[in-house]
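Numbering (the working numbering), first residue to last: 2 to 517.
Okay, structure coming up:
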């Protein structure tokens with residue numbers, strides 16, 4: 002009963018202390034420790050590698066599929082304004098000058114304003130239920146946007162859409178770190194993040210079909226908001242039952258499976274859930290230069306989003322294609338984005354990809370640099386359209402780097418308060434970049450948008466430099482920690498459990514090795 006199974010399925014040496022008492026003692030010593038101690042204080046279980054594999058497959062099937070669908074719908078909701086612009090919203094809503102860009106910006110202002118409250122509330126309340134309520138509210142808001150016919154009515158709808166959507170990506174990063182081992186996270190994050198591309202393929206066809214709806218007094222762009230808003234509400238209502246809060250309370254796991262689901266995460270040393278908001282972890286987050294390097298990186302990455310999403314259709318249309326052709330040409334963009342995310346995620350979770358996460362992020366930026374060079378330097382004329390389209394199809398490969406940044410956040414930031422505060426800063430940087438980025442795409446520069454393309458190119462180059470430095474920083478720290486672990490030797494089981502679930506930060510826990 003006291004024996005455990007190692008990663009290869011071999012039984013470890015039986016522990017001396019009774020398994021029913023060891024975790025209970027830990028729970029008394031660590032009253033503000035991770036909530037995983039609530040289940041581990043009852044018992045440990047023996048489990049084989051095959052049983053763990055079956056459980057992991059069950060979790061993947063149930064949870065990744067839900068996250069994939071939800072993130073896909075969220076991305077389509079966000080993309081709706083781009084398709085609405087392609088199908089006449091700018092004309093029918095009488096938008097002038099930079100007003101379309103301001104509508105994109107207002108979404109991210111709402112997202113930014115909500116960041117600290119939403120991350121704090123996710124720590125205090127059940128994560129799954131909190132995400133569900135917000136998902137329903139943003140569906141209602143999106144549907145209500147269909148009634149807007151001017152900048153004055155579109156603007157508040159865009160702001161509140163940002164407020165309600167602000168919890169999704171931070172919530173999914175927390176879920177990913179609470180359900181999967183660190184070496185498993187890249188593939189799972191790659192899968193649910195790939196919905197950004199996967200969903201845009203059928204969505205492009207649906208938007209094309211919706212554009213052919215001909216009803217008096219309701220423009221096609223309004224139907225886009227109404228239909229996808231209603232779909233979001235329907236899916237959101239089902240999440241109350243299908244999206245669990247943590248492995249500790251998951252209804253579709255048996256008691257034994259819950260124990261194994263938590264027990265197998267011990268080596269993550271990042272915990273599962275902790276409702277205690279700790280001031281010392283807030284201070285550490287703000288003073289950790291590695292966190293700030295990641296924040297600059299996520300800012301630069303999201304400065305490229307306008308070229309990746311919001312202006313894609315407008316740029317393609319500017320090449321001389323009609324509205325329907327521009328929409329159909331965006332479908333391969335989504336497919337390439339999804340394929341790159343999935344392939345990169347599974348590569349990093351394979352034995353060949355271990356230790357190559359940062360190198361892979363750097364590699365993802367190379368196609369983006371080539372694409373920006375073409376868009377910036379090659380004149381737009383009939384003889385160069387193929388090269389410009391090739392550039393548009395290279396850009397979505399960069400999106401895979403964004404998914405891997407989420408993976409680094411999930412794997413390398415420990416301490417639940419530090420994780421939520423870092424998430425707040427991380428997605429605040431995401432918002433600020435997305436607020437600024439559309440303003441660099443000046444309407445007078447269409448269809449080349451030279452300022453926006455140049456800023457995007459600069460962001461790619463800066464991130465290659467940043468991640469190169471971050472690789473050196475993490476590698477040096479890992480080398481020092483490995484020496485300390487070798488000198489101190491293996492920990493006994495009680496100490497190892499305390500180390501894993503005492504809510505230590507990554508700076509405090511010298512046994513946490515950073516993923517590079």
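Backbone N, C-alpha and C fix where the C-beta goes; we use that ideal spot for every residue, glycine too.
Quick one: is residue 203 buried, meaning 16 or more other Cβ sit within 10 Å of its Cβ, or exposed? On the chain shown, position 202 is the one that residue 203 refers to. Classification for residue 203: exposed.
Nearest-angstrom Cα separation, counted from residue 72 out to residue 1: Examination of residue 1 is not possible in this model, given that the chain is present from 2 through 517 alone.
Starting from residue 328, trace the alpha helix (DSSP H) in both directions and tell me its first and last residue. On the chain shown, residue 328 is found 327 positions in, with the first residue counted as 1. It spans 324–350 - the alpha helix (DSSP H) in which residue 328 sits, taken as one unbroken run.
Given this structure, state the Cα-to-Cα distance separating residue 560 from residue 405, to the nearest angstrom. Any property of residue 560 remains undetermined from this structure, which presents the chain solely from 2 to 517.
C-beta contact flag for residue 363 and residue 469 at 9 Å: Along the chain shown, one-based indexing puts residue 363 at 362. Along the chain shown, one-based indexing puts residue 469 at 468. Yes, Cβ-Cβ distance for residue 363 and residue 469 is below 9 Å.
Expressed to the nearest angstrom, what Euclidean distance is found between the alpha-carbon atoms of residue 185 and residue 422? Here residue 185 refers to the residue found at position 184 of the chain shown. Here residue 422 refers to the residue found at position 421 of the chain shown. When rounded, the distance between both Cα atoms is 24 Å.
Hey, how far is the Cα of residue 88 from the Cα of residue 391? For the purposes of this step, residue 88 is taken as the residue at position 87 of the chain shown. For the purposes of this step, residue 391 is taken as the residue at position 390 of the chain shown. Taking the straight line from one Cα to the other gives about 24 Å.
Do the CB positions of residue 307 and residue 137 come within less than 9 Å of each other? As a first step, residue 307 is located in the chain shown; it is residue number 306 there, counting from the start. As a first step, residue 137 is located in the chain shown; it is residue number 136 there, counting from the start. No. Outside cutoff.
When burial is assigned at 16 or more other CB atoms within 10 Å of the CB, is residue 445 buried or exposed? One-based indexing of the chain shown puts residue 445 at position 444. With fewer than 16 other Cβ atoms within 10 Å, it is exposed.
Thinking C-beta only, is residue 121 closer than 9 Å to residue 277? Taking the chain shown and counting its residues from 1, one reaches residue 277 at position 276. Taking the chain shown and counting its residues from 1, one reaches residue 121 at position 120. Between residue 277 and residue 121, the C-beta gap is not smaller than 9 Å, which leaves the two residues out of contact.
Environment of residue 217 [buried if 16+ CB atoms lie within 10 Å]: Against the chain shown, residue 217 aligns to sequence position 216. Burial check for residue 217: the Cβ neighbour count within 10 Å stays below 16, so the residue is exposed.
Using the rule of at least 16 other Cβ atoms within 10 Å of the residue's Cβ for burial, across every protein chain shown, is residue 30 buried or exposed? Walking along the chain shown from the start, residue 30 turns up at place 29. For residue 30, the pLDDT reaches just 46, beneath the cut-off of 50, and the residue's location in the model is therefore unreliable, although a value from the coordinates is still provided. Here residue 30 is exposed, its C-beta having fewer than 16 other C-beta atoms within 10 Å.
Near residue 119, what residues of its chain come up, given a Cβ to Cβ distance below 6 Å and the 5 sequence neighbours on each side ignored? Within the chain shown, numbered from 1, the residue matching residue 119 stands at position 118. Excluding positions up to five away in sequence, the list reads 167, 168.
Please state if the CB of residue 415 and the CB of residue 538 are separated by a distance shorter than 9 Å. Residue 538 cannot be examined here, being either before or after the span of the chain that is shown, 2 to 517.
With distances taken Cα to Cα, identify the nearest neighbour of residue 47 among 258, 112, 212. Here residue 47 refers to the residue found at position 46 of the chain shown. Its Cα nearest to that of residue 47, the residue 258 stands out among 258, 112, 212.
With a Cβ-Cβ cutoff of 9 Å, do residue 411 and residue 49 count as a contact? Taking the first residue of the chain shown as position 1, residue 411 is located at position 410. Taking the first residue of the chain shown as position 1, residue 49 is located at position 48. Taking the C-beta atoms as reference points, residue 49 is found no nearer than 9 Å to residue 411.
6 Å CB neighbourhood of residue 171 in its chain, flanking five on each side removed: Here residue 171 refers to the residue found at position 170 of the chain shown. Taken in chain order, the residues that qualify are 120, 424, 428.
Between the alpha carbons of residue 128 and residue 417, how many angstroms are there, rounded? Here residue 128 is taken as the residue at index 127 of the chain shown, counted from 1. Here residue 417 is taken as the residue at index 416 of the chain shown, counted from 1. The alpha-carbon of residue 128 is positioned some 13 Å away from that of residue 417.
Residue 133 versus residue 386: straight-line alpha-carbon distance, rounded: Numbered from 1 along the chain shown, position 132 holds the residue referred to as residue 133. Numbered from 1 along the chain shown, position 385 holds the residue referred to as residue 386. Distance from the CA atom of residue 133 to the CA atom of residue 386, rounded to whole angstroms, is 44 Å.
Only counting the same chain, and skipping five residues up and downstream in sequence, which positions put a Cβ closer than 7 Å to that of residue 211? Within the chain shown, residue 211 is the residue found at index 210, counting from 1. Short of 7 Å from the beta carbon of residue 211, and not among the five residues preceding or following it, lie these beta carbons of its own chain, in chain order: 221, 224, 225, 228.
Would DSSP call residue 26 helix, strand or coil? By 1-based counting over the chain shown, the position of residue 26 is 25. Annotation note: pLDDT 42 at residue 26 (below 50); position unreliable, coordinate value reported separately. Residue 26: helix per DSSP, three-state reduction.
Does DSSP classify residue 511 as helix, strand or coil? By one-based count along the chain shown, residue 511 stands at place 510. For residue 511, the secondary structure class from DSSP, reduced to helix, strand or coil, is coil.
Using the Cα positions of residue 358 and residue 215, report the straight-line distance between them to the nearest angstrom. Position 357 of the chain shown, counted from the start, is the residue given in the question as residue 358. Position 214 of the chain shown, counted from the start, is the residue given in the question as residue 215. The straight-line gap separating the alpha-carbon atoms of residue 358 and residue 215 is approximately 49 Å.
CA-CA distance, residue 348 and residue 193? If you number the chain shown from 1, residue 348 lands on position 347. If you number the chain shown from 1, residue 193 lands on position 192. The alpha-carbon of residue 348 is positioned some 15 Å away from that of residue 193.
If we ignore side chains and look at the alpha-carbon of each, how far apart do residue 296 and residue 435 end up? Along the chain shown, one-based indexing puts residue 296 at 295. Along the chain shown, one-based indexing puts residue 435 at 434. Taking the straight line from one Cα to the other gives about 14 Å.
In its own chain, which residues sit with a C-beta less than 6 Å from the C-beta of residue 83, not counting the 5 before and 5 after it? Residue 83 sits at position 82 when you count from the first residue of the chain shown. Excluding sequence neighbours, residue 83 sits near 311, 314.
Would you check if the segment 235–243 and the segment 372–383 touch, i.e. whether three or more CB-CB distances between them fall below 8 Å? Contact between the segment 372–383 and the segment 235–243 is absent, because fewer than three Cβ pairs lie under 8 Å.
Coarse secondary structure for residue 216, derived from DSSP in three states: If you number the chain shown from 1, residue 216 lands on position 215. Residue 216 falls in the strand class under three-state DSSP.
Spatial neighbours of residue 303 within its chain, please: CB distance less than 6 Å, with the 5 preceding and 5 following residues excluded, ordered by chain position. The residue you call residue 303 lines up with position 302 of the chain shown. If we look at residue 303 and ignore the five residues flanking it on each side, its Cβ neighbours are 431, 434, 435.
Same chain, Cβ closer than 8 Å to residue 77, neighbours up to 5 away in sequence not counted: Working through the chain shown from its first residue, we reach residue 77 at position 76. Result list for residue 77: 200, 201, 204, 229, in chain order.
Secondary structure, alpha helix (DSSP H): runs of 4+ residues fully inside the segment 181–233: The segment 181–233 contains these whole alpha helix (DSSP H) runs: 183–194, 196–199, 201–211.
For residue 47, which three-state DSSP category applies? Here residue 47 refers to the residue found at position 46 when the chain shown is read from its first residue. Note: residue 47 maps to coil in three-state DSSP.
Three-state secondary structure (DSSP) at residue 171? Residue numbering aside, residue 171 sits at position 170 when the chain shown is read from its first letter. Correct three-state label for residue 171: helix.
Can you say whether residue 477 is buried or exposed, counting buried as having 16 or more other CB atoms within 10 angstroms of its CB? The residue you call residue 477 lines up with position 476 of the chain shown. By the Cβ-count criterion, residue 477 is exposed, with fewer than 16 other Cβ atoms from all chains shown falling within 10 Å of its own Cβ.
Using only alpha-carbon positions, find the residue among 384, 337, 116, 99 that is nearest to residue 365. Residue mapping note: residue 365 aligns to position 364 of the chain shown, counting from 1. 337 is the residue among 384, 337, 116, 99 whose C-alpha sits nearest the C-alpha of residue 365.
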